[in-house]
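Going left to right, the sequence shown walks through residues 276 to 557 as the numbering used here numbers them. Think of the CB as a built atom: it goes at the ideal place given N, C-alpha and C, for glycine as much as any other residue. Scroll down for the structure; my scribbles are underneath it.
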Amino acid sequence: MVGRRHIAVKPKGVLSSLALAIFTLLILLPIAWVLVSSLKSGFEIVGHPWSLPASPQWVNYEHAWKEAGIGVAFFNSLTVTVSTLLILLPVGSMAAYVLARYTFRGRNLIFGTFLGGMMFPNFLVIVPLFFLMRSIHLLDTRTGLTLVYVAYSLSFTIFVMTGFFQTLPSELGEAAMMDGCGHAGTFWKVMLPLARPGLIVVGIFNAIGLWNEYSLALVLIPSKANWTLPIGIANVSSTQQYQSDWGALFAGLVIVMMPVLIVYWIFRDKIHETMLAGAVKG
(Lines of atoms letter the chains of each structure in order from A and count residues from 1; the text may use other names and numbers.)
(Lines give C-alpha, C1' and ligand atoms only; values in the text may rest on other atoms or scores of the structure.)
Protein backbone atom coordinates (compact mmCIF):
# COMPACT_ATOMS: atom_id res chain seq x y z
CA MET A 1 0.00 0.00 0.00
CA VAL A 2 1.44 3.28 -1.10
CA GLY A 3 1.05 6.02 1.45
CA ARG A 4 -0.03 9.48 0.48
CA ARG A 5 2.66 12.07 0.09
CA HIS A 6 2.13 15.23 2.02
CA ILE A 7 3.68 18.39 0.66
CA ALA A 8 4.78 20.63 3.48
CA VAL A 9 3.98 24.27 2.89
CA LYS A 10 6.25 26.63 4.73
CA PRO A 11 4.45 29.63 6.23
CA LYS A 12 7.43 31.87 5.50
CA GLY A 13 7.30 30.96 1.82
CA VAL A 14 3.58 31.74 1.62
CA LEU A 15 4.05 35.07 3.38
CA SER A 16 6.97 35.98 1.09
CA SER A 17 4.95 35.16 -2.03
CA LEU A 18 2.00 37.14 -0.72
CA ALA A 19 4.19 40.13 0.11
CA LEU A 20 5.77 40.03 -3.38
CA ALA A 21 2.34 39.81 -5.00
CA ILE A 22 1.10 42.83 -3.01
CA PHE A 23 4.27 44.76 -3.84
CA THR A 24 3.83 43.96 -7.55
CA LEU A 25 0.23 45.15 -7.50
CA LEU A 26 1.25 48.38 -5.77
CA ILE A 27 3.62 49.06 -8.67
CA LEU A 28 1.49 47.87 -11.60
CA LEU A 29 -1.89 49.29 -10.60
CA PRO A 30 -0.83 52.99 -10.64
CA ILE A 31 0.90 52.48 -14.00
CA ALA A 32 -2.18 50.78 -15.44
CA TRP A 33 -4.42 53.55 -14.07
CA VAL A 34 -2.30 56.24 -15.73
CA LEU A 35 -2.36 54.33 -19.03
CA VAL A 36 -6.15 53.97 -18.92
CA SER A 37 -6.65 57.60 -17.86
CA SER A 38 -4.53 58.81 -20.78
CA LEU A 39 -7.21 57.44 -23.13
CA LYS A 40 -10.14 59.14 -21.38
CA SER A 41 -11.78 62.48 -21.85
CA GLY A 42 -11.52 65.07 -19.11
CA PHE A 43 -15.12 64.41 -18.04
CA GLU A 44 -14.48 60.67 -17.66
CA ILE A 45 -11.33 61.23 -15.64
CA VAL A 46 -13.11 63.49 -13.16
CA GLY A 47 -16.52 61.78 -13.15
CA HIS A 48 -15.51 58.12 -13.49
CA PRO A 49 -11.86 57.82 -12.50
CA TRP A 50 -11.88 54.02 -12.07
CA SER A 51 -13.84 53.03 -15.17
CA LEU A 52 -12.53 52.05 -18.59
CA PRO A 53 -12.74 54.68 -21.34
CA ALA A 54 -15.99 54.61 -23.32
CA SER A 55 -14.03 55.46 -26.46
CA PRO A 56 -10.20 55.69 -26.51
CA GLN A 57 -9.16 59.32 -26.90
CA TRP A 58 -5.89 58.99 -28.84
CA VAL A 59 -6.11 62.70 -29.52
CA ASN A 60 -4.86 63.25 -25.96
CA TYR A 61 -1.39 62.20 -27.08
CA GLU A 62 -1.51 64.61 -30.00
CA HIS A 63 -2.51 67.45 -27.69
CA ALA A 64 0.24 66.58 -25.23
CA TRP A 65 2.89 66.18 -27.94
CA LYS A 66 2.12 69.33 -29.95
CA GLU A 67 -0.02 71.83 -28.02
CA ALA A 68 1.46 71.20 -24.58
CA GLY A 69 5.02 71.13 -25.94
CA ILE A 70 5.86 67.65 -24.67
CA GLY A 71 7.35 66.73 -28.04
CA VAL A 72 10.00 69.47 -27.89
CA ALA A 73 10.74 68.68 -24.24
CA PHE A 74 11.04 64.97 -25.10
CA PHE A 75 13.74 65.58 -27.72
CA ASN A 76 15.54 68.01 -25.40
CA SER A 77 15.64 65.39 -22.64
CA LEU A 78 16.71 62.70 -25.10
CA THR A 79 19.52 64.88 -26.45
CA VAL A 80 20.80 65.87 -23.01
CA THR A 81 20.56 62.35 -21.56
CA VAL A 82 22.30 60.62 -24.46
CA SER A 83 24.99 63.31 -24.69
CA THR A 84 25.65 63.06 -20.96
CA LEU A 85 26.00 59.27 -21.08
CA LEU A 86 28.35 59.43 -24.07
CA ILE A 87 30.70 61.64 -22.06
CA LEU A 88 30.06 60.28 -18.59
CA LEU A 89 30.54 56.54 -19.11
CA PRO A 90 33.98 56.64 -20.81
CA VAL A 91 35.36 59.35 -18.51
CA GLY A 92 33.94 57.77 -15.36
CA SER A 93 35.15 54.30 -16.35
CA MET A 94 38.69 55.53 -17.04
CA ALA A 95 38.86 57.35 -13.70
CA ALA A 96 37.44 54.34 -11.86
CA TYR A 97 39.92 51.99 -13.55
CA VAL A 98 42.89 54.11 -12.50
CA LEU A 99 41.63 54.39 -8.92
CA ALA A 100 40.92 50.66 -8.72
CA ARG A 101 44.00 49.18 -10.40
CA TYR A 102 46.87 51.60 -9.79
CA THR A 103 48.60 52.55 -6.55
CA PHE A 104 49.85 56.11 -6.28
CA ARG A 105 50.13 58.86 -3.71
CA GLY A 106 46.82 60.63 -3.08
CA ARG A 107 44.64 57.89 -4.56
CA ASN A 108 42.49 57.54 -1.44
CA LEU A 109 42.15 61.30 -1.19
CA ILE A 110 40.95 61.57 -4.79
CA PHE A 111 38.51 58.69 -4.34
CA GLY A 112 37.23 60.22 -1.10
CA THR A 113 36.73 63.54 -2.86
CA PHE A 114 34.56 61.89 -5.49
CA LEU A 115 32.57 60.13 -2.79
CA GLY A 116 32.10 63.44 -1.00
CA GLY A 117 30.44 64.78 -4.12
CA MET A 118 27.60 62.31 -3.60
CA MET A 119 26.72 63.88 -0.24
CA PHE A 120 26.00 67.43 -1.40
CA PRO A 121 22.42 68.19 -2.47
CA ASN A 122 21.85 70.33 -5.55
CA PHE A 123 20.35 73.32 -3.76
CA LEU A 124 23.61 74.04 -1.90
CA VAL A 125 25.42 75.01 -5.10
CA ILE A 126 22.58 75.97 -7.41
CA VAL A 127 23.05 79.74 -6.97
CA PRO A 128 26.82 79.91 -7.62
CA LEU A 129 26.33 77.37 -10.42
CA PHE A 130 23.77 79.67 -12.04
CA PHE A 131 26.20 82.61 -12.03
CA LEU A 132 29.06 80.42 -13.24
CA MET A 133 27.07 79.12 -16.20
CA ARG A 134 25.97 82.63 -17.05
CA SER A 135 29.52 83.97 -16.93
CA ILE A 136 30.79 81.35 -19.39
CA HIS A 137 27.74 81.82 -21.64
CA LEU A 138 26.38 78.30 -21.16
CA LEU A 139 23.20 79.28 -19.32
CA ASP A 140 20.00 78.19 -21.06
CA THR A 141 21.85 75.80 -23.37
CA ARG A 142 21.64 72.04 -23.68
CA THR A 143 25.44 71.93 -23.83
CA GLY A 144 25.74 73.62 -20.46
CA LEU A 145 23.12 71.37 -18.90
CA THR A 146 24.92 68.32 -20.29
CA LEU A 147 28.23 69.37 -18.73
CA VAL A 148 26.54 69.99 -15.38
CA TYR A 149 24.89 66.57 -15.52
CA VAL A 150 28.25 64.94 -16.27
CA ALA A 151 29.80 66.64 -13.26
CA TYR A 152 26.95 65.66 -10.94
CA SER A 153 26.82 62.04 -12.13
CA LEU A 154 30.56 61.43 -12.10
CA SER A 155 30.80 60.59 -8.39
CA PHE A 156 28.20 57.81 -8.53
CA THR A 157 29.66 56.40 -11.73
CA ILE A 158 33.20 56.27 -10.34
CA PHE A 159 32.02 54.77 -7.05
CA VAL A 160 30.17 51.88 -8.74
CA MET A 161 32.68 51.21 -11.51
CA THR A 162 35.61 51.19 -9.08
CA GLY A 163 33.98 48.29 -7.29
CA PHE A 164 33.55 46.37 -10.54
CA PHE A 165 37.14 46.91 -11.65
CA GLN A 166 38.41 45.78 -8.25
CA THR A 167 36.65 42.42 -8.67
CA LEU A 168 38.35 41.68 -12.00
CA PRO A 169 41.40 39.38 -11.83
CA SER A 170 44.64 41.34 -12.04
CA GLU A 171 46.23 38.46 -13.98
CA LEU A 172 44.18 39.40 -17.05
CA GLY A 173 45.69 42.87 -17.17
CA GLU A 174 49.17 41.52 -16.59
CA ALA A 175 48.74 39.00 -19.40
CA ALA A 176 47.56 41.75 -21.76
CA MET A 177 50.59 43.86 -20.87
CA MET A 178 52.90 40.90 -21.57
CA ASP A 179 51.25 40.44 -24.98
CA GLY A 180 52.16 43.98 -25.95
CA CYS A 181 49.14 45.99 -24.87
CA GLY A 182 49.89 49.31 -23.24
CA HIS A 183 47.93 50.73 -20.35
CA ALA A 184 45.29 52.22 -22.65
CA GLY A 185 45.04 49.06 -24.75
CA THR A 186 44.61 46.91 -21.65
CA PHE A 187 41.80 49.12 -20.47
CA TRP A 188 39.88 49.39 -23.77
CA LYS A 189 40.44 45.86 -25.09
CA VAL A 190 40.41 43.75 -21.93
CA MET A 191 39.17 45.42 -18.76
CA LEU A 192 36.31 47.57 -20.07
CA PRO A 193 34.63 44.69 -21.96
CA LEU A 194 34.83 42.57 -18.82
CA ALA A 195 33.16 45.37 -16.84
CA ARG A 196 30.32 45.69 -19.35
CA PRO A 197 27.60 44.44 -16.94
CA GLY A 198 28.53 47.15 -14.47
CA LEU A 199 28.68 49.70 -17.27
CA ILE A 200 25.15 48.78 -18.37
CA VAL A 201 23.75 49.05 -14.85
CA VAL A 202 25.48 52.38 -14.21
CA GLY A 203 24.24 53.68 -17.55
CA ILE A 204 20.65 52.67 -16.81
CA PHE A 205 20.61 54.19 -13.32
CA ASN A 206 22.19 57.40 -14.57
CA ALA A 207 19.80 57.57 -17.52
CA ILE A 208 16.78 57.22 -15.25
CA GLY A 209 18.11 59.89 -12.89
CA LEU A 210 18.92 62.29 -15.73
CA TRP A 211 15.58 61.65 -17.45
CA ASN A 212 13.72 62.64 -14.29
CA GLU A 213 16.03 65.43 -13.09
CA TYR A 214 14.09 68.62 -12.35
CA SER A 215 15.81 71.11 -10.04
CA LEU A 216 18.98 71.78 -12.04
CA ALA A 217 17.11 72.02 -15.34
CA LEU A 218 14.55 74.37 -13.80
CA VAL A 219 17.24 76.88 -12.79
CA LEU A 220 19.66 76.50 -15.70
CA ILE A 221 17.09 76.30 -18.52
CA PRO A 222 14.72 79.29 -18.26
CA SER A 223 13.48 79.35 -21.88
CA LYS A 224 10.62 77.10 -22.97
CA ALA A 225 12.39 76.05 -26.18
CA ASN A 226 15.07 74.22 -24.16
CA TRP A 227 12.89 72.75 -21.41
CA THR A 228 13.36 69.11 -20.54
CA LEU A 229 10.53 66.66 -19.88
CA PRO A 230 10.20 67.14 -16.09
CA ILE A 231 9.82 70.89 -16.55
CA GLY A 232 7.42 70.36 -19.43
CA ILE A 233 5.26 68.01 -17.38
CA ALA A 234 5.27 70.43 -14.43
CA ASN A 235 4.17 73.22 -16.77
CA VAL A 236 1.38 71.07 -18.23
CA SER A 237 0.26 70.10 -14.71
CA SER A 238 0.04 73.75 -13.64
CA THR A 239 -1.89 74.82 -16.74
CA GLN A 240 -4.41 71.97 -16.76
CA GLN A 241 -6.21 73.34 -13.71
CA TYR A 242 -7.30 76.22 -15.95
CA GLN A 243 -7.79 74.32 -19.24
CA SER A 244 -9.20 71.09 -17.73
CA ASP A 245 -7.38 68.97 -20.34
CA TRP A 246 -6.58 66.16 -17.93
CA GLY A 247 -6.31 63.62 -20.74
CA ALA A 248 -3.32 65.45 -22.20
CA LEU A 249 -1.68 65.55 -18.77
CA PHE A 250 -1.97 61.77 -18.33
CA ALA A 251 -0.80 61.25 -21.91
CA GLY A 252 2.25 63.35 -21.11
CA LEU A 253 2.96 61.20 -18.06
CA VAL A 254 2.82 58.09 -20.24
CA ILE A 255 5.26 59.67 -22.68
CA VAL A 256 7.65 60.29 -19.77
CA MET A 257 7.31 56.76 -18.36
CA MET A 258 7.49 54.68 -21.51
CA PRO A 259 11.18 55.20 -22.42
CA VAL A 260 12.25 54.22 -18.90
CA LEU A 261 10.05 51.11 -18.92
CA ILE A 262 11.25 50.10 -22.38
CA VAL A 263 14.92 50.48 -21.45
CA TYR A 264 14.42 48.45 -18.28
CA TRP A 265 12.54 45.74 -20.20
CA ILE A 266 15.31 45.45 -22.79
CA PHE A 267 18.13 45.22 -20.23
CA ARG A 268 16.23 43.47 -17.42
CA ASP A 269 18.26 40.24 -17.73
CA LYS A 270 21.57 42.11 -17.59
CA ILE A 271 20.40 44.05 -14.53
CA HIS A 272 19.34 40.88 -12.72
CA GLU A 273 22.56 39.05 -13.61
CA THR A 274 24.67 41.96 -12.39
CA MET A 275 22.76 42.27 -9.13
CA LEU A 276 23.06 38.52 -8.47
CA ALA A 277 26.75 38.55 -9.38
CA GLY A 278 27.35 41.40 -6.97
CA ALA A 279 25.48 39.54 -4.23
CA VAL A 280 27.54 36.36 -4.76
CA LYS A 281 30.85 38.27 -4.82
CA GLY A 282 29.89 40.14 -1.71
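Judging by CA-CA distance, which residue of 340, 475, 526 and 353 is the nearest neighbour of residue 432?
Looking up residue 432 in the sequence shown gives position 157. Of the candidates 340, 475, 526 and 353, the one whose C-alpha sits nearest the C-alpha of residue 432 is 475.
Going straight from the alpha carbon of residue 404 to that of residue 496, what length do you get?
Start at 1 with the first residue of the sequence shown, and residue 404 comes out as number 129. Start at 1 with the first residue of the sequence shown, and residue 496 comes out as number 221. Each residue's alpha carbon lies about 12 Å from the other.
Name the residue from 430, 352, 514 and 501 whose alpha carbon lies nearest to the alpha carbon of residue 483.
Reading the sequence shown from its first residue, position 208 is the one you call residue 483. Nearest option by C-alpha distance: 352.
So the alpha helix (DSSP H) residue 344 belongs to, where does it begin and stop?
The count along the sequence shown starts at 1 and reaches residue 344 at position 69. First-last for residue 344: undefined, no H or E at that position.
Are the beta-carbon atoms belonging to residue 485 and residue 539 less than 8 Å from one another?
Working through the sequence shown from its first residue, we reach residue 485 at position 210. Working through the sequence shown from its first residue, we reach residue 539 at position 264. It is not a contact, given that the beta carbons lie outside the stated cut-off.
Assuming contact is defined by CB atoms lying nearer than 8 Å, are residue 481 and residue 430 in contact in what I supplied?
Position 206 of the sequence shown, counted from the start, is the residue given in the question as residue 481. Position 155 of the sequence shown, counted from the start, is the residue given in the question as residue 430. Contact: no.
With the cut-off set at 8 Å, would you say residue 421 and residue 359 are in Cβ contact?
In the sequence shown, the residue the question calls residue 421 occupies position 146. In the sequence shown, the residue the question calls residue 359 occupies position 84. Result yes, Cβ atoms of residue 421 and residue 359 sit closer than 8 Å.
Quick check: the stretch 496-509 against the stretch 451-458, are at least 3 beta-carbon pairs closer than 8 Å?
No, they do not touch.
In this structure, does DSSP put residue 465 in helix, strand or coil?
As a position in the sequence shown, residue 465 is number 190, starting the count at 1. In the structure shown, residue 465 sits in a helix (DSSP, three-state: H, G or I).
Is it right to say residue 289 is buried, meaning 16 or more other beta carbons lie within 10 angstroms of its own, or is it exposed?
In the sequence shown, residue 289 corresponds to position 14, counting from 1. It counts as exposed.
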